[in-house]
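For reference, the structure is listed below as structure tokens.
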Amino acid sequence: MDMANGLAVEASGLTKVFRKGEVRALDGFDLEVPIGQVVGLLGPNGSGKTTAVRVLSTVLRPDSGHASIMGYDVTKQAGAVRRTIGLAGQYATVDEHLTGTENLVMVGRLCHLSRPSVAPRAAELMEQFGLSDAADRPVKTYSGGMRRRLDLAAALVARPPVLFLDEPTTGLDPQSRLGLWDVIEALVQGGTTVLLTTQYLEEADRLADRIVVIDHGKVIAKGTPAELKADLGATVLELTLESDEAAASAAITLADLSGKAPFVDGSHIELTVEEGPAIAAEALRRIDADGFSLLGLSLHEPSLDDVFLSLTGRKVEVDSAAVAAGNTRKGRKNSKEPA
Amino acid sequence: MTDVAERQSPSAPSTFNTAKWAVSDILTVTKRNLIHSIRIPEALFFSSLQPIMFVLLFRYVFGGAIPVPGVSYVNYLMPGIFVQTLCFGAVSTSIGLAEDLQSGLLERFRALPMSRSAVLGGRTTADVFRNVFVITLMTAVGLAVGFRPVATVAQYALACGIMLLFSYALMWGFAWIGLNAANAEVAQLMSFPLLFPLTFCSSAFVPVNTLPTWLQGFAENQPVSVVVNASRSLMVGGPFHSPGSVWKALAWSLGILVVLVPLAVRSYRRA
């Protein structure tokens, strides 16, 4: 109940099993979001991100575990939680047949704002989100980007101190995405605590103070974007070979040189290593000696994409079982580290 | 903690406030649903067209072949077709809720501090307004094709009230269907196997004693017949005068509400 720990969102050991198909959407999920911070919950489709947000926003009851928002328990004090949060994103939507203003007024009234205060608040938000010109048009005439901005505005009507954004830019064109990021950044400047789920690493990198990587309903890594990248190694080495067989052979060579598991996707190989240039030089020599030719080579700083690939192992297609086992171990090891 | 609750909560709840806001929430959702009816006029137009066509069909096509002792067929028909129309109209309650569920709007509502009964309360209240419109329209159509009720205005209003209450009770069953259907189309398909036997194996269109003996027991006592009989007793009277059916209709409606409201509310909480 106390917030002496300075946490806006706290969850421990959350589980949620969907009966149909026995899917373990959450499987011992833990989360801590400090007040005033932006935490990015990062994971592929079906990793449990949305289920986590639905549980934290009281939409779904967990099967077990505990979660609280600003000290209010999500199951025992759901009413207080609902007065504390705003929810926007892919599954929470606005009403197509109402105008933008009518949507905000409706949500404001349902948040129990007084009748005189709700219209000015709606107008203020429409202005702030650049929707004033479209304020009296039905939402079905809005573009995708306008709809998402209105959706976000609806979550903000009652000025909640904690905001859940569930994949706020999924399906948007790049320009609309940039526009929405500016809006979210401005909110954060104002001190709102944000839990953001996303499958876009760029989005988490830009907006989040801390990142929590989730897969199969569990946290597999957490830290600041910089920490996660640092954990991975200094340099990312990418190679493109003439054929898939050449890549398979080169992957074994690289595993041998670095002691780490490269990711192979067709004729493309990716590996994160400390001694990038040295390993690259030696790898080139050996690949050449094996009689394969190289079509492309690059060395660069790791991105969150590389972190993600390393943790979830989604693209792993390396033949060697030992190499695959190495990946799994890395993921597990990180999950035990404190943030 | 109390300080925090009050600072963060736009309105800290008390028992009085809870009740006041529950009413406010229901009205807010009702208004939203009524705006939909206005913004999608084609839906209202076509849902009004169907009952009018039923009136014309039974009045001018089938009616001549259905002899009813004591009154003209159109007088016999109209109370029945009112109830049939309201029963079919209740399907839109399930479609509306299934659409809201599918669109994700209910997801947003569930994360708001609004009353848990407002979505269903607002949906059914808006549908009652629609039914008042439907009854008014059909009364006008009926009068145009020769319907001549003998009821006083008060009796006619009471008959309408009984039909509205019954359709309100039915809506909660359709709300339950809407919340449990995979989508709006399925909700609609799930409704018809219920509606056809209830509305057609009844006293709505033909006298029950013309049905096979084995069907008469069901047809005479099922709620649609009871409500039709009550309305017919009040609107047409004469050979159909039956004060007992009015009480039976009220009892059926209240009984249905007592069973279906908790069922629908439970589905809303879990859907």
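Those protein sequence lines, which keep their order, are chains U and C.
First residue of the first sequence: 1, per our numbering; consecutive thereafter.
First residue of the second sequence: 1, per our numbering; consecutive thereafter.
Here a beta-carbon is modelled for each residue, glycine too, at the ideal position from N, C-alpha and C.
- Item | Residues of the region 93-116 of chain U whose Cβ lies closer than 8 Å to any Cβ of chain C, in chain order | Answer in chain order: T93, V94, D95, E96, H97, L98, E102, M106, V107, R109, L110, C111, H112 and L113.
- Indicate the three-state DSSP secondary structure (helix, strand or coil) for U/D95 in the structure shown. Reduced to three states, the DSSP call for U/D95 is coil.
- Query: Relative to the C-alpha of U/G259, which residue among U/V162, U/V219, U/G266 and U/A283 is closest?
  - Reply: U/A283
- Compare the C-beta of C/S233 against all C-beta atoms of chain U and say whether one is closer than 8 Å. no
- Message: 8 Å is my cut-off, CB to CB: does U/P262 come that close to chain C?
- Response: no
- Item | Closest Cα partner of U/D166 within the set U/V139, U/P44 and U/E22 | U/P44
- Task: Take every Cβ of the region 71-85 of chain U, pair it with every Cβ of the region 136-144 of chain U, and state whether three or more of those distances are shorter than 8 Å.
- Result: Flag = no, the region 71-85 of chain U and the region 136-144 of chain U do not touch.
- Item | Residues of its chain near U/V118, where Cβ-Cβ distance is below 7 Å and the 5 sequence neighbours each way are ignored | Excluding positions up to five away in sequence, the list reads V105, G108 and R109.
- Would you decide whether C/M53 is buried or exposed? Buried here means 16 or more other CB atoms lie within 10 Å of its CB. exposed
- Task: Could you tell me whether the Cβ atoms of C/N17 and C/G96 are closer together than 8 Å?
- Result: No, Cβ-Cβ distance for C/N17 and C/G96 is not below 8 Å.
- Query: Quick one, which of U/E238, U/N5, U/G28 and U/L295 has its alpha-carbon nearest U/M70's?
  - Reply: U/N5
- Message: Tell me the residue span of the beta strand (DSSP E) that contains U/S267.
- Response: Run containing U/S267: none; DSSP gives neither H nor E here.
- For U/K315, which residues of its own chain have a beta-carbon under 7 Å away from its beta-carbon, when the five flanking residues on both sides are left out? The pLDDT assigned to U/K315 is 43, lower than 50, so where the model puts this residue is not dependable; a value taken from the coordinates is nonetheless given after this. Excluding residues within five positions, the ones whose Cβ falls inside 7 Å are F263, D265 and L309.
- Item | 7 Å CB neighbourhood of C/R59 in its chain, flanking five on each side removed | V74, L77 and V145
- Item | Through-space distance from C/V186 to U/T170, alpha-carbon basis | 28 Å
- Message: Let's test the definition: count the other Cβ atoms within 10 Å of the Cβ of U/V318 and tell me whether it reaches 16, buried, or not, exposed.
- Response: Caution is warranted here: a pLDDT of 29 is assigned to U/V318, below 50, making its placement in the model unreliable, and the coordinate value is therefore given only provisionally. Buried is the call here.
- Query: Can you list, in chain order, the stretches of the alpha helix (DSSP H) that have 4 or more residues and sit fully within the region 2-63 of chain U?
  - Reply: 49-56
- Using a Cβ cut-off of 7 Å, which residues of the region 25-41 of chain C contact any Cβ in chain U, in chain order? D25, T28, R32, I35, H36, R39 and I40
- Task: Determine which residues share a DSSP beta bridge with U/G89 and list them.
- Result: U/D166
- Task: Using a Cβ-Cβ cut-off of 8 Å, state whether U/R149 counts as contacting chain C.
- Result: Chain C, which has no Cβ nearer than 8 Å to the Cβ of U/R149, makes this no.
- Message: Which same chain residues end up closer than 7 Å to C/Q222 when comparing Cβ atoms and leaving out the 5 residues on each side of it in sequence?
- Response: Non-local C-beta neighbours of C/Q222 in its own chain, meaning closer than 7 Å and more than five positions away in sequence, comprise L198 and S202, ordered along the chain.
- Task: Mind listing the chain U neighbours of C/S103? Cutoff is C-beta to C-beta under 7 Å, in chain order.
- Result: T93
- Task: Grab the span of the beta strand (DSSP E) containing U/L239 for me, first residue to last.
- Result: Counting along the chain, U/L239 sits inside the beta strand (DSSP E) bounded by residues T235 to L241.
- Item | Nonlocal neighbours in the same chain, by C-beta distance under 6 Å from U/G48, ignoring five residues either side | A25, L26, I214 and G217
- Considering only residues of the region 195-220 of chain U, which uninterrupted alpha helix (DSSP H) runs meet the minimum length of 4 residues and lie entirely inside it, listed in chain order? 201-207
- Got a sec: is the Cβ-Cβ distance from C/A43 to anything in chain U below 8 Å? So, not an interface residue.
- Going by the CB atoms, is the gap between U/L172 and U/L180 shorter than 8 Å? Yes, the pair counts as a contact, with Cβ atoms nearer than the cut-off.
- Check whether the Cβ of U/V17 lies closer than 8 Å to any Cβ atom in chain C. no
- Message: Just verifying my parser: in three-state terms, what is the DSSP assignment at U/V318?
- Response: Caution is warranted here: a pLDDT of 29 is assigned to U/V318, below 50, making its placement in the model unreliable, and the coordinate value is therefore given only provisionally. If DSSP states are grouped into helix, strand and coil, U/V318 belongs with coil.
- Query: How would you list, in chain order, the residues of chain C whose beta-carbon sits under 8 Å from the beta-carbon of U/I85?
  - Reply: A111
- Do U/V17 and U/D63 come within 8 Å of each other at the CB atom, strictly closer than that value? yes
- Can you name, in chain order, every residue of its own chain whose Cβ lies under 8 Å from the Cβ of C/T124, other than the five neighbours on each side? T93, Y168, M171, W172 and A175
- Item | Neighbourhood of C/G255 by C-beta distance below 7 Å, restricted to the same chain and skipping five residues each side | none
- Message: For C/S253, which residues in the same chain have their Cβ closer than 6 Å to its Cβ, ignoring the five residues on either side in sequence?
- Response: The residues are L165, F166 and A169.
- Query: Could you give the distance in angstroms between the alpha-carbon of U/A80 and the alpha-carbon of U/L237?
  - Reply: 50 Å
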